[in-house]
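When we follow full-length UniProt numbering, the leftmost residue of the sequence shown carries the number 1, and every step to the right adds one. The C-beta atom is built at its ideal place from N, Cα and C for all residues, glycine as well. One structure is given below, encoded as structure tokens.
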Amino acid sequence: MAGRVLLSTQNGLYALAPLSSIGLRSNSLAASLPLFRRCPVAPISSSSRCRSHLGTVAEEKEPRKAEPFVITTPLYYVNAPPHMGSAYTTIAADAIARFQRLLEKKVIFITGTDEHGEKIAAAAEASGRNPSEHCDIVSHAYQMLWKELDIEYDKFIRTTDSRHEAVVKEFYCRVLKNGDIYRADYEGLYCVNCEEYKDEKELLENNICPMHQKPCVRRKEDNYFFALSKYQRMLEEFLIQNPDFVKPSFRLNEVQSWIKSGLRDFSISRTSVDWGITVPNDGRQTIYVWFDALLGYISALLEDGEKPGLQQAVSSGWPASLHLIGKDILRFHAVYWPAMLMSAGLSLPNMVFGHGFLTKDGMKMGKSLGNTLEPKDLVDRFGADAVRYFFLREVEFGNDGDYSEDRFINMVNAHLANTIGNLLNRTLGLLKKNCQSMLAFDSSIAAEGHPFKDTVEKLVEKARYHYENLSLSSACESVLDIGNAGNSYMDERAPWSGFKQGGASSEMAAKDLVIILEAMRIIAIALRPITPSLCLRIYMQLGFSNDQFEAVTWSDTKWGGMKAGQIMADPKPVFARIENRKEGEDEVVHKVVKDKKKTSRGQGLVQA
Numbered sequence: 001m002a003g004r005v006l007l008s009t010q011n012g013l014y015a016l017a018p019l020s021s022i023g024l025r026s027n028s029l030a031a032s033l034p035l036f037r038r039c040p041v042a043p044i045s046s047s048s049r050c051r052s053h054l055g056t057v058a059e060e061k062e063p064r065k066a067e068p069f070v071i072t073t074p075l076y077y078v079n080a081p082p083h084m085g086s087a088y089t090t091i092a093a094d095a096i097a098r099f100q101r102l103l104e105k106k107v108i109f110i111t112g113t114d115e116h117g118e119k120i121a122a123a124a125e126a127s128g129r130n131p132s133e134h135c136d137i138v139s140h141a142y143q144m145l146w147k148e149l150d151i152e153y154d155k156f157i158r159t160t161d162s163r164h165e166a167v168v169k170e171f172y173c174r175v176l177k178n179g180d181i182y183r184a185d186y187e188g189l190y191c192v193n194c195e196e197y198k199d200e201k202e203l204l205e206n207n208i209c210p211m212h213q214k215p216c217v218r219r220k221e222d223n224y225f226f227a228l229s230k231y232q233r234m235l236e237e238f239l240i241q242n243p244d245f246v247k248p249s250f251r252l253n254e255v256q257s258w259i260k261s262g263l264r265d266f267s268i269s270r271t272s273v274d275w276g277i278t279v280p281n282d283g284r285q286t287i288y289v290w291f292d293a294l295l296g297y298i299s300a301l302l303e304d305g306e307k308p309g310l311q312q313a314v315s316s317g318w319p320a321s322l323h324l325i326g327k328d329i330l331r332f333h334a335v336y337w338p339a340m341l342m343s344a345g346l347s348l349p350n351m352v353f354g355h356g357f358l359t360k361d362g363m364k365m366g367k368s369l370g371n372t373l374e375p376k377d378l379v380d381r382f383g384a385d386a387v388r389y390f391f392l393r394e395v396e397f398g399n400d401g402d403y404s405e406d407r408f409i410n411m412v413n414a415h416l417a418n419t420i421g422n423l424l425n426r427t428l429g430l431l432k433k434n435c436q437s438m439l440a441f442d443s444s445i446a447a448e449g450h451p452f453k454d455t456v457e458k459l460v461e462k463a464r465y466h467y468e469n470l471s472l473s474s475a476c477e478s479v480l481d482i483g484n485a486g487n488s489y490m491d492e493r494a495p496w497s498g499f500k501q502g503g504a505s506s507e508m509a510a511k512d513l514v515i516i517l518e519a520m521r522i523i524a525i526a527l528r529p530i531t532p533s534l535c536l537r538i539y540m541q542l543g544f545s546n547d548q549f550e551a552v553t554w555s556d557t558k559w560g561g562m563k564a565g566q567i568m569a570d571p572k573p574v575f576a577r578i579e580n581r582k583e584g585e586d587e588v589v590h591k592v593v594k595d596k597k598k599t600s601r602g603q604g605l606v607q608a
């Protein structure tokens, strides 16, 4: 067993769950209490300190029309700088958010940093800084990396924000008032890196944490507990009625297995941690980092300058449409968080999606192995579009994925530089040479009765279907297939030959170029969630402005956007081919010429 709990009846706290539900040994006092019976003595919820945080516990309003699409990443822990795992989650979330904006949804994309807890205090001390300074530095590093990766978030929440603290305290008091928080002595094995107590059966030999490969330490604390076990049946029924709550579906099986094995009440406060939000009814303790951080998804919804309050935040966009997380924190999001929300009388998020882990060259990444993958280094070497495309195309979203530099370079060269970039470049080259860069026909007229148009329309529908189902790799594949079809069409039709022949053949060749450029226009819209800067460059070479690109929606993927008389820009490669590492070289040779015109979407890679 993980430890021992001794129930306390001080200050009128409640014993809400059988001690067996916590998996701990009970003493004679605890054993004498009827299971699940509440034993009030001057309830804590009557405390003026807690009442001041409660406000009005109002019923949630009826769902509003045109509810926003709220997508969240985890709030990243600032014990260390951002790594490729956090970058991967955020790139995926950004692609999903961009697609939803193309559907003309009001999107609220939330990300941020989790800044409390023992591990952060220790990291700050090790760096010679106080915790606040440490959090400022690392949180800023996240924001700068997201900018370099073309991440367009709407809300960045820090758990050290005073508005967040107000929401957490009000939520705590609401759960307390509902009778779901009680106090107990706890003794068990604690993993500092996980910041949680572990069951002995979860650990390796010598009490080693399997996640961090470090020994857990035995601790005894007087903590407050959340009565998770009380919600076991409700969670089981909820998952049966809402099978799409956890995705991919095989992760739902994991969650149901955890619940079926028996839920245990968990500690939501720490006496040994000073760097955190103070428990409203006990100034000697701070709120457990997970009970604190999860509420960032709600507190982030508050507008700047708005009076902080739980109900105000909830009415600004809750519930979330999608929590996007790594599979290692699935339990917190699919078990603990729903139960907490049930206790507080709040709606549950629509979906929790747990994606897989990344490896490098088939091996787990780690500093001890010397094979870490730094996202900033990748962006500096290859550009945001290449990084975004590789990880979203290469990894079947939801499964584990692997990074190989050779595979990275080969893929982005083949797909972005060749299939898409080269097709655009040679088509514009032929148009400039033979038509003075001007379209002779509307694309709707040029493609009348042509099967190529039908092929593109079907691939666009496939891409939309895959985006909607979070199959990002398949969405990339469908859009790339438009490029493949365009290349095949170019080779089969050989418009250069038609121009040489003149007459009707020349006219048909001019139509062929319009058809291919219409396909490129559609690619620029359909691939925009994945490679936004590349798609902007494509769109501008097709004679459109930055403002026109900003205004496009998914409905603009409908065939017929290119018009007769439209002037194309001079052709130039939109994506720089990456030269692979040669033997003896220390770095990949990567020719990069920055686009002279800076845009709000960031600069991409182009060749002179």
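| query | result |
| --- | --- |
| Beta-carbon proximity list for V387, same chain, < 6 angstroms, skipping 5 on both sides | L378 and V379 |
| Proximity of V456 and L527 at Cβ, strictly below 8 angstroms | no |
| Span separating the alpha-carbon of L239 from that of F245 | 7 angstroms |
| Environment of F266 [buried if 16+ CB atoms lie within 10 Å] | buried |
| Where D361 falls, given that 16 or more other Cβ within 10 Å makes a residue buried | exposed |
| CA-to-CA distance, H140 to Y197, given in whole angstroms | 30 angstroms |
| Residue closest to residue 629, alpha-carbon to alpha-carbon, out of A313, A569 and C476 | Given that the chain is displayed from residue 1 to residue 608, the structure contains no residue 629 and the question cannot be resolved. |
| Segment contact, 8 angstroms Cβ cut-off, at least three pairs: the segment 313-323 with the segment 349-359 | yes |
| Rounded straight-line distance, which links the Cα of W318 to that of S162 | 20 angstroms |
| Rounded distance between the beta-carbons of T111 and E73, thought under 8 angstroms | One detail in the question is off: residue 73 reads as Thr in this sequence, not Glu. Yes, T73 and T111 are in contact; Cβ-Cβ is about 4 angstroms, under 8 angstroms. |
| Candidates K462, I538, M438 and P349: closest to P68 by CA position | P349 |
| Beta-carbon proximity list for Q566, same chain, < 6 angstroms, skipping 5 on both sides | L439 and G543 |
| Cβ neighbours of W496 in the same chain (closer than 7 angstroms, five flanking residues each side left out) | L430 |
| Own chain residues within Cβ distance below 6 angstroms of S316, not counting five before or after | L301 |
| Contact the segment 129-148 vs the segment 305-315: 3+ CB pairs below 8 angstroms | no |
| Contacting residues, own chain, Cβ-Cβ under 8 angstroms from K432 (five flanking each side not counted) | M568, D570 and P571 |
| M363 - partner residues in DSSP beta bridges | K360 |
| Paired residues, beta bridge with C191 - DSSP | E196 |
| Burial state of G262, where buried means 16 or more other Cβ atoms lie within 10 Å | exposed |
| Short Cβ contact (8 angstroms threshold) for R183 with Y224 | yes |
| The segment 244-258 touching the segment 329-338, judged by at least three CB pairs closer than 8 angstroms | yes |
| Candidates I523, M84 and K214: closest to K458 by CA position | I523 |
| Contacts around G483, its chain only, beta-carbon distance under 7 angstroms, and the 5 residues preceding and following it disregarded | T419, I420, L423 and I523 |
| Presumed contact (8 angstroms Cβ cut-off) between D292 and V168, rounded CB distance | 5 angstroms |
| According to DSSP, residues forming a beta bridge with P215 | I208 |
| E165, buried or exposed, once every other Cβ within 10 Å from all chains shown has been counted against 16 | buried |
| Own chain residues within Cβ distance below 6 angstroms of H415, not counting five before or after | L480 |
| Nearest candidate by alpha-carbon position, reference G85, set G366, I298 and K105 | G366 |
| Alpha-carbon spacing of A551 relative to I538, whole angstroms | 15 angstroms |
| Neighbour-count burial assignment, M363, 16 or more Cβ in a 10 Å radius | exposed |
| Sequence-distant residues of the same chain with beta carbon closer than 6 angstroms to V70, five excluded per side | I108, G317, A320 and S321 |
| Contact under 8 angstroms by Cβ, F408 with Y88 | no |
| Collapsed DSSP secondary structure at A463 in the structure displayed | helix |
| Validate contact between the segment 186-205 and the segment 217-236 using beta carbons, cut 8 angstroms, 3 pairs | yes |
| Boundaries of the alpha helix (DSSP H) in which Y153 is found, first to last residue | Taken as a continuous stretch (DSSP letters only), Y153 belongs to no alpha helix (DSSP H), as it is neither H nor E. |
| Contact under 8 angstroms by Cβ, A75 with I157 | Residue identity check: residue 75 is Leu in the sequence provided, not Ala. Yes, Cβ-Cβ distance for L75 and I157 is below 8 angstroms. |
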